[in-house]
Every structure is written in structure tokens, then in C-alpha cells.
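This report refers to the structure that appears directly beneath it.
There are 2 protein chains.
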Amino acid sequence: MRALVAHEVLRTAAEQGTGGEVVDGSLRVPYADVYRRALRLADSLKRLGVGSGTVLGVMDVNSLRNLELHYASSMLGAVILTINFRLSAHDLLYTIRHAEAEWLFVWEGFAPAVGKLRSAFPKTWVWLTDGPQSPEPGTPSCEELVESGAEHLPAEADRVEETDPFSIFYTTGTTGRPKGLKYRHRDMLLASLGILHHLALHPAGASAGSRDVFMPAIPFFHIHGWGAALFVPYLGAKLVLPGRASPAEQLRLIQGEGVTWTNMVPTQIHMLLEQADAAGVQSLSGLKVLTGGSPLPTGLAHQMRERRMAFSLIYGGSDQLATSISVLPPGVEPDSPEAWEALRREMKPLSMVDVRLVDEEGRALPRDGHSIGRVLVRSPWLPAGYYKDPERSATTFVDGWFRTGDLAVTTPGGAVYVVDREGDAVKSGGEWIATGVLEALISEHASVAAVAVVARPDERWGQRPLAVVQARGEVTEEVLRAHLMACVENGRLARFWLPDSYVFVDALPTTSAGKLDKTALRTMLV
Amino acid sequence: MRALVAHEVLRTAAEQGTGGEVVDGSLRVPYADVYRRALRLADSLKRLGVGSGTVLGVMDVNSLRNLELHYASSMLGAVILTINFRLSAHDLLYTIRHAEAEWLFVWEGFAPAVGKLRSAFPKTWVWLTDGPQSPEPGTPSCEELVESGAEHLPAEADRVEETDPFSIFYTTGTTGRPKGLKYRHRDMLLASLGILHHLALHPAGASAGSRDVFMPAIPFFHIHGWGAALFVPYLGAKLVLPGRASPAEQLRLIQGEGVTWTNMVPTQIHMLLEQADAAGVQSLSGLKVLTGGSPLPTGLAHQMRERRMAFSLIYGGSDQLATSISVLPPGVEPDSPEAWEALRREMKPLSMVDVRLVDEEGRALPRDGHSIGRVLVRSPWLPAGYYKDPERSATTFVDGWFRTGDLAVTTPGGAVYVVDREGDAVKSGGEWIATGVLEALISEHASVAAVAVVARPDERWGQRPLAVVQARGEVTEEVLRAHLMACVENGRLARFWLPDSYVFVDALPTTSAGKLDKTALRTMLV
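What follows is the structure, given as C-alpha cells:
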């Protein structure tokens, strides 16, 4: 009987001899060799005292050594803490201490930036290096640990239970301290493989199968690259790890390695397309992108279409994992205008996932395609709560349902269309105005580079929408009002949703994860 | 948190509103209504005393009511016993008693055949009927139970654990008493969904996705129709249930309902193609068949190809569930001659499944494409052993590995090519001769309708092969010897594998499952 534990995935890939390999820079390593290297790393770590429950912090880009560390940690029953290196120094240290990390594995590329951390965290350090040598005498490199280890599966590996913890990571919310999530092996496996299976079972933009070549550009500290660190080895497919690749290097990898599948937030896609423009690359035909994390601007979607790329949207997060992904609805053919619209909006829940909309009294709302409600989620992989935070857990994970804090509409066909964060939406005269929908419509205007809509207190209505616009060239408030009035007239927008006022700025603030920072914006403006 | 229990699958299909439906005769029932009917059936059964652990025997063809009973049973924590109605009356009663069934649900179409069973099994009977009326006064029909039940999920449903038993069924071996297997919810779900995921992730002949229309022709008593009773509702796809359809009716359903995917043993495919010939249907393009259970004769494979059908082979069984399925190897294109050969022979283990070959001393054999060894299997869904048979369990399920009793070769790419049953193979001078391989080569001759090779005792070699041939028209021993000599000369056959003698018969004996009955043959001939 094999359990749903992470290292069984790599063991299968190694033993089945799939022919797949992992590419990292000049390294090309078949899965059987990745497995052998993980065995040796686990053996070395074991002799240095790593065991069941030891928390191993890793601060690295998407690299082979990071991948191997995931699996070596699993073999010992240890817990991998994937550290968001984009956090402030203060939050970064907070998460490492909160997670009770005993080891830190840090990429040498971060050495200049982590001087303070080095002294604040006196426990065991290991340097992750591109070559064999550690940059610091007396502190080993991970490669040295791989080289000195014996190539056999530690006895601990077969005692790891699927209900044992596999990883910890922290949310990158815009308010308060980062919140910790500790996931069990089976939860992380079922959710990660759930993404892959969804993309294989349903006709999706970002469809996936064993003949694809995968380059996860979402960092592993975001839910293991949205699951790719687990589901690509599970599939045995070719995995290209981009490290700290610039958009130019990403483009070269896509073309040189035959990458057909990637995941990126919209900002990353935008940068890749700018690079493609600069390099004179007209078409990226055959490249499929799973995107999410923030709304996909209409203009960016059109740019992808022009370059013959395909995409799906994923909805989920650190505290719920994968919940839904856009696919082609029944009867809709690829490349049709309906397909294009559906893939931009309508997300289908993953198998075994329940998505429910409720009103403010908790009553279920109909799946009618227009009622906006709060999104509750139930799935096989929901965590019990936030790590060491019973109070917040009790208000967020209620009766087996996760309160996402998002607002959405659902269609009679079961699709979910997330329109806003509850904290971001505007409550005008008792009715929700979805700022995400407004932003999408405003950004359709060619002279809008970026836009954010925030709530402004209003004596009569409670709140009213304010649009903050980053312009591309010349644009005036009157022009945007006329643009939105056209949307009202053709039925795409309710009249009471029209913003009361407009502010023009040079740049919009973003969070460490590259998302629009509406909290900062509200502080600045309202 | 949702657990991996069977009724959660139907609940998801109902709540996600996939647009899929179940077709049975003139009935077309959306999944939401199938779910509601299952709720009402569960409510009625609960009020009649069915609860956690109650064993519900069902003797039925693949019908909507059978499907609903699966899920109603799951909601109550009861255990469904899927009865092989092709067993002898003696074995049939044995399995019902051995499983400790307390209820029997019997299709009215079997009424004429089960008179004896009716008196031998005095516990609760329910008739499964095509209309609402029970054929027997005082004994309810299942439809009456559906109609009288309340439409709410019983409280028991959320207490069912994924480690609770879901179903019991019995092997249809050719020797000894049927052996019982009792599977837990998670095992049956993971194995069933594993088949679907494999067919979606890898380029297979019988590839599957949510746009396919499924008609499982494997009876539900064979591992729930090789998992289809679970994985089609999970997918939310259209499910056509053929009942006791004749080949002519199957053909009409395939054409009328747009069936694109079916599962059948080779005998069923043969009958379908005969029917297609009779009906003048030249092409069954777009029809994908998952086949297995017995070797696929070369001639039948060619007939499928001529009709533009696609297929994959599945390897597994009642006591190991799904183990491997043929897919296109890396680099092989569909419709190429290599694809054709690979799909006929090379089976790729499902994800998270280990297949190991060992010699008689239990030493692992190399994956070299020619060493024949005993097949051991390990997977997430292996049972602990046979139900109430600790002795046989102890020799068959050893150290977490299932001893399949099969012989195979494995390729460097990890594919598995099963060549024979250990008990069927010929051991000549200490070397295995795979009768399955010999049969495939002999059946390539146009004048051979069917062939079986069995071992005959031999003083010098221990055993030697004897070919038993069912001819199609005129054929002689000399003709077949010449045909096989050509195979020796072009390297497809070792000279010492050549059968020593040939016997011609009118028909070969088969088991209740429609498989060639080599035990009967050996008894007759050797």
C-alpha cells in the first residue's frame, strides 16, 4: 500500500522511467537521477539530525536544488517552509520564527541581501549554490550534502503518513501579519494533482498532459509554484526550472526548450509580452498559460490572443489551495469569441470542490448569473485553520467551510465568476459594486495603462466608487465617463456602478507579491 | 473538509450542474436528479433498517437503478455487494452467504432464473424494475422506495469515513471457490479515478475527457464496470447505461447517443463488429474502447483499425484493481504503425503504481524488454487481503506487494508487457514459454478463429506447448507450422517456443466471465 505522500511521487517518476527530465541552467537531470540526488541529500540531513517534524526553511528561486530539497524533506518526515523572499525583512524574520524553523537553506544569489538575517537566525544554515562550493567557510553547501550522502531510502520514508505535515508557508495579505498555513501531504498532493487533472479532463485554455513541457514561473513559495513542484514530477514530464530568469531569459527558455505550459501572474505575462515585442517575436503559438492571483486585464488577454497563446484562469489561494479553473463550457468550441470570454471569466470548480454563495445572513444565493454573494468553499484539502492562530481560524474556517472573503456570481452551469474582494468592493445603498468588474471595463480603454477602483465614504449611499487611473498617454475624466456610459448603454454595466470621481496617478502601489495594493491606495487617497 | 467517499462524487456532479445526464432506455436524467433519487432511496432504506455496514447484494445489468443504489448505499455507510449473475447457482449462493448480505436487489429480468435463490435466501428482497410496479405482491420495487423517500441527505452520510468499506465483490477465477474482496471508499475512488486520469493525462487510444459520451459495457459487477460507475459521474459527463443491450442495441446506442467511449472485453468487441458488418456499418470512427480481461487477438485489433476505432489495453483485476493501461510511448505519433503495436502490448503503470518483476528467488529482474518474470504490484489502493481468507491472503499479499500470478517483461521505458498467467505458461527446460505470445502469433493466421496454447507434460523438458485451434475454414498443422517458422525466421519467436503438437476443435471453452477457460481445456486434453 502506497500512501499519498510527496516523495512517493518522485519515486514513481524514477521507477517508471518516464523519459522526462528536469532542466535547470546547463543541467539536464532525468527523474531517476533527481530521485537519487534527493536520497543522498536526505541521508546527509538525517545524519545531521533532521527528522520527523524538523522545519526546514528554504529561500530560493525555482531551481533543481529547491525541488530536491522538497523531496528530501518529505523522505525524512521533515516539514519544508517555503519562504517568500519578497517579504519585508521584518515579516520575513517573523515567519521564520513563527514556523519554528531549525534550518535555513538560502540561495547564494541572496547572500548580499540576507546579512541581517544571517545574524538574527543563529541556527543551522546551508547555502544553495549553482556550483559545488559554499560561499562561506564552515557552512556547507547543499551540493556538498548531496555529494556526501549515501544513495538509499531512509527508513523514515516508509513511516511518513499522508496525514503528517508536508509544508508550511505564509499568506502575503495586505493587512496585518502574514498568516501561516501548514498542509499535510495528502492535502497538498490532492490539491496539486487536482489542478493537473482538471486541466487534462476538461477542454481548457491551459490544458496539460504528459507531452507538455512545463516551466513554472510562479515561485515555489506560492503553494509550491501552484502545485507544479509536485504535479510535473507526478506526470513524469519535462520540467524547465527558470531560476531567476529575466523575461528575456524566460523567452529564450520557452523557445529553446520547447516550453508549452507555464504559470504566471498577469504582471509576469505583461513583462514576457513586452520582451517578445522587443525581440520581434510575433507569435507564441502553442504556449499555454495558467494565470491568476489578480484579475486579467482585457488588454492583456487580447495581446495573448494576438500572439496565439492560450490561457486559463485559476482561483484559489494559500488558505484554500486550488478551487476553480476556467475551462471551455459545454458546447463552446476553442477559438470562438464565446470561448475567449468564458476563459476570462467563468471558473469551473475542481472535482470534489464545493463553491457556495451566501448573502449577509448566510442564506444560499441562487446560481442565476447575476446575484453577487460571499464565496464559501469546501474541498478535500482544506486546512483545519491558520497555524497557531485559533482565533482567526475560528472565524474563517466555519463548519467545514472556508470563508474566502471574496464576492462572486455563479451561473446555472455551476461556473464561478469572482468579482471582488469583500474588503475592496463598494457597498452603495446596500448593494455591492464589484470594483474588479469596473476595473476590467475601464481598462478596456486604450489610454488606460492600469486602474484601481476603491470605496470612498459617502453620506447618502454609505460608499461610492472612486477610480484611480494610471494613463497611457493623454486621457481625461470626460473621456472615461463617456467610455463607461457606452457600457451602461449596451447593458454591460448598471448605471449606479458609475464611479463618482476619477484620480490620475503616475503609478499604482503594489504588494510584495506584485499585486495591486488597495490598502495602501485607500490610505493614500480616501 | 470533504472525504474521498463515493457519494461525494455524485453530490459534486449534482451541485456543480455539469449539464451531464444519465441515459437508460427512454430515461434521460440529469445528475442533479440522479442525486435526488439516490437521496430518496437512501431515506427509504434507512427507515427500513439499512445502516452502517449493512451488506446490500445487487444482481442487475448496468442500469440507472443500479447506479443509484451504489450511491444510496454509500450515503448510509452500507456496503454494496455486486453479484456476478453469470456464476453457477452454487457459487452465486456461496458469495451471497460469504459476504453476509442482508438484502438482495434483483432485476425483474432475472426473475425466471432466480426461483431457487428466492427460497434459499429468505432475507429482504427488493425488485429492480423498469417500471414502478413490483412483480411480486408484498415485495417492494426499488422505484417504490425511491418514490416514498424524503429528499434530504441522511445524517449518516457525513459520518462515512473514506476508510469505511464501500463494496464487496468476488473473483471469477477458473479454480476453487470465488475469492471475496472488500474495498474501502478511498481505494475504490482512487483506483477508478486513476483510470480516468491516466486516459486524460497521456495520449492513449481510449483517451477520455469531459466531452466524451461514455457507455460502459463491462458489467458493474466487474469492479463497478472497471470504475466507470464512479469516474463518469465524477467527470459529470454523459453516461449511457446499456442494460442488457444486445450487440445490435449497443450499436444503435453508440450511433444514436453519440457514444465516443466504451469498455469491453475482446469477445464483446468481436460481437459488436460482427453486428456492424451485418448492419453494413463500415466505420466506427470516433469510438474509443478500453479493453482487457483477456489478450486482444491480432485479427480483432486489425478489424478495429479498419473501422477507424481506437483502443487501449488495461491490466488489473478484482484483487489489485487498475494497474496499467497502454498509452502512446514518448515520441510515437497516433496512427503510426509503432503506435498500433505499442497500444497492443506496452502498458504504462498508473501514477503512484509500482510494478516489479522478480525471478523465482524473488530477485528483481532488469527492465530490458525480454526477461520474463513474475509480476508484483504495489499501489495506493491495494486491499489488505481476501475477505475472510487469511491463509490465501498471507501468500498473495506479501510485504505490501500483491503477487499477481502473471508473467511479464518490462521495457527500459517502464512499460509492462504481460505475457501469460504463471499457471498457464509452459516451463520448458527451466525457461518460460508465454502461451499468450504464442497465441497472438498463431491467431495472426487468417484461418485461425481462436487458439489456446496449454502445457503438456514432457519427460525430457518438463513441459512442452500444445496448440488447440478453432479454425476459420480450412487449415492444417503443416500450414500453421510454416506460419510460425516464418516468425522464428524474422526474429519474433524463439525456436524452442514452437508448439510440439496441434489439436483442432470446434469451439474453445470459456468461463462465466467469457474468458478462455484453460483449466477446462487442460482437463479435456492433457
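Which chain is which? The protein sequence lines are A and B, in order.
Quick note on numbering: the numbering used here labels position 338 of the first sequence as 338, and the sequence is numbered without any gaps.
For the numbering used here, add 526 to where a residue sits in the second sequence, where the first one is 1.
From the three backbone atoms N, C-alpha and C, an ideal C-beta is built for every residue, glycine too.
For B:Lys642, the enclosing alpha helix (DSSP H) covers residues Gly641 to Ala646. Residues of the stretch 394-428 of chain A that bring their beta carbon within less than 7 Å of a beta carbon in chain B comprise Gly400, Pro412, Gly413 and Gly414, in sequence order. In the DSSP assignment, A:Thr172 is bridged to no other residue. Here A:Asp354 really is in contact with A:Arg378; their C-beta atoms are around 4 Å apart, less than 8 Å. Ranked by Cα distance from B:Val686, the options B:Ala951, B:Asp1032 and B:Ser600 are led by B:Ser600. In the DSSP annotation of this structure, the continuous segment of the beta strand (DSSP E) that includes B:Asp932 starts and ends at Trp927 to Thr936. Across the structure, A:Gly430 and A:Trp461 are spaced so that their CA atoms are roughly 8 Å apart. Given a length threshold of 4 residues, each whole run of the alpha helix (DSSP H) inside the stretch 864-927 of chain B is given here in chain order: 916-922.
Comparing alpha-carbon positions, the option among A:Val126, A:Arg47, A:Ser134 and A:Leu92 lying closest to A:Lys116 turns out to be A:Leu92. For the beta strand (DSSP E) assignment, the uninterrupted runs of no fewer than 3 residues enclosed by the stretch 712-778 of chain B are, from N- to C-terminal side, 739-742 and 764-766.
Contact between B:Val576 and B:Ile609 does not hold, since their C-beta atoms are separated by about 17 Å, which reaches or exceeds 8 Å. Residue pairing for A:Leu56: DSSP places it in a beta bridge opposite A:Ile80 and A:Trp103. The C-beta of B:Tyr760 comes closer than 8 Å to at least one C-beta of chain A.
The distance from the Cβ of A:Gly227 to that of A:Asp164 is about 19 Å, inconsistent with a contact at the 8 Å cut-off. For B:Gln542, the C-beta contacts it makes with chain A under 7 Å involve Pro349 and Gly414, in order along the chain.
Using a Cβ-Cβ cut-off of 8 Å, A:His370 does not count as an interface residue toward chain B, since no Cβ of chain B sits closer than that to its own. Non-local beta-carbon contacts of A:Phe231 in its own chain, meaning distances under 6 Å to residues more than five positions away in sequence, involve Ser192, Leu193 and Leu196 in chain order. A:Arg464: member of the beta strand (DSSP E) spanning Gly462 to Ala471, first to last residue.
No Cβ-Cβ contact shorter than 8 Å links A:Met271 with A:Val289.
Using a Cβ-Cβ cut-off of 8 Å, A:His483 does not count as an interface residue toward chain B, since no Cβ of chain B sits closer than that to its own. Secondary structure at B:Ala532: helix, using DSSP grouped into helix, strand and coil. Interface criterion not met: the Cβ of A:Ser192 is under 8 Å from no Cβ in chain B. Leaving aside the five residues that flank A:His483 on each side, the residues in its chain whose CB is nearer than 6 Å to its CB run, in chain order, His445. For A:Asp458, no alpha helix (DSSP H) encloses it; the enclosing beta strand (DSSP E) starts and ends at Val448 to Asp458. With a 10 Å radius around the Cβ and a threshold of 16 neighbouring Cβ atoms, A:Phe121 comes out buried. Of the residues A:Leu480, A:Ala276, A:Gly138 and A:Gly53, the one whose Cα lies closest to the Cα of A:Glu100 is A:Gly53. Under DSSP, B:Gly545 forms no beta bridge with any residue.
Nearest C-alpha to B:Ser570 among B:Leu595, B:Ser736 and B:Thr1037: B:Leu595.
With 16 or more other Cβ atoms from the protein chains shown falling within 10 Å of its own Cβ, B:Phe740 counts as buried. With its beta carbon at least 8 Å from every one in chain A, B:Glu673 lies outside the interface. With respect to A:Ala339, A:Glu346 sits apart: the two C-beta atoms are not nearer than 8 Å.
Ranked by Cα distance from B:Leu725, the first of B:Ala848, B:Ser969, B:Thr921 and B:Ile968 is B:Ala848. The beta carbon of B:Gly949 sits closer than 6 Å to none of the beta carbons in its chain outside the five residues before and after it.
Straight across, the Cα-Cα distance linking A:Ser371 with A:Pro499 is about 21 Å.
At a beta-carbon threshold of 9 Å, none of the residues of chain A lie near B:Gly551; the nearest stands roughly 23 Å away. Collapsing the DSSP output to three states places A:Glu431 in a strand.
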